[in-house]
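These notes concern the structure reproduced below.
In my numbering, the protein residues as written are -15 to 101.
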């Protein structure tokens, strides 16, 4: 696969790992863990039940992360905020560098770990 190719994955019950690509990523996982590295292009990642581990988010990126019942963490220098005083949920929005690429992560039940190194 060419390094700049776009990747689209739809999986019902599987772990997904994406690496060595600079193209757009669309990953939709119902049950399973996601591990990916974002280098340059947009990414849209949705996990219903599973953890999401992301590396490379420190590039020129707009980051939007939402989780219903999982934690959002990692080595970024910002903290997630609660979406409601009474219901579970967290949200994180960050603009890094020029903000040329957009990264969207959504998780219903699973932790999200983001690191820019």
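Built from N, CA and C at the ideal position, the CB exists for glycine as well. Please read these numbers as outputs of a predicted model, since none were measured by experiment.
(message) Runs of 4 residues minimum, wholly inside the segment 11 to 62: which ones carry the alpha helix (DSSP H) assignment?
(response) Taking only runs of at least 4 residues, no alpha helix (DSSP H) segment lies wholly in the segment 11 to 62.
(request) Measure the alpha-carbon distance for residue 51 versus residue -14 and round it to whole angstroms. (result) Locating residue 51 in the chain shown gives position 67, where the first residue counts as 1. Locating residue -14 in the chain shown gives position 2, where the first residue counts as 1. The alpha-carbon atoms of residue 51 and residue -14 are separated by roughly 32 Å.
(request) Give every residue of the same chain whose Cβ lies closer than 6 Å to the Cβ of residue -6, excluding the five residues on either side of it in the sequence, and list them in chain order. (result) Looking up residue -6 in the chain shown gives position 10. Closer than 6 Å at the Cβ level, and outside the excluded window around residue -6, lie 12.
(request) Look at residue 7 and residue 21 and say whether their C-beta atoms are less than 7 Å apart. (result) Locating residue 7 in the chain shown gives position 23, counting from the first residue. Locating residue 21 in the chain shown gives position 37, counting from the first residue. No, the pair does not count as a contact, with Cβ atoms beyond the cut-off.
(request) Go through its chain and collect everything with a Cβ distance to residue 0's Cβ below 7 Å, but skip five positions before and after it. (result) In the chain shown, residue 0 corresponds to position 16, counting from 1. The residues are -7, 11, 13, 16 and 18.
(request) With residue -15 as the anchor, note down where its beta strand (DSSP E) starts and where it stops. (result) On the chain shown, position 1 is the one that residue -15 refers to. Unbroken run through residue -15: none, as it is neither H nor E.
(request) Pick helix, strand or coil for residue 9, following the three-state DSSP scheme. (result) Residue mapping note: residue 9 aligns to position 25 of the chain shown, counting from 1. The answer is strand: DSSP assigns residue 9 an E or B state.
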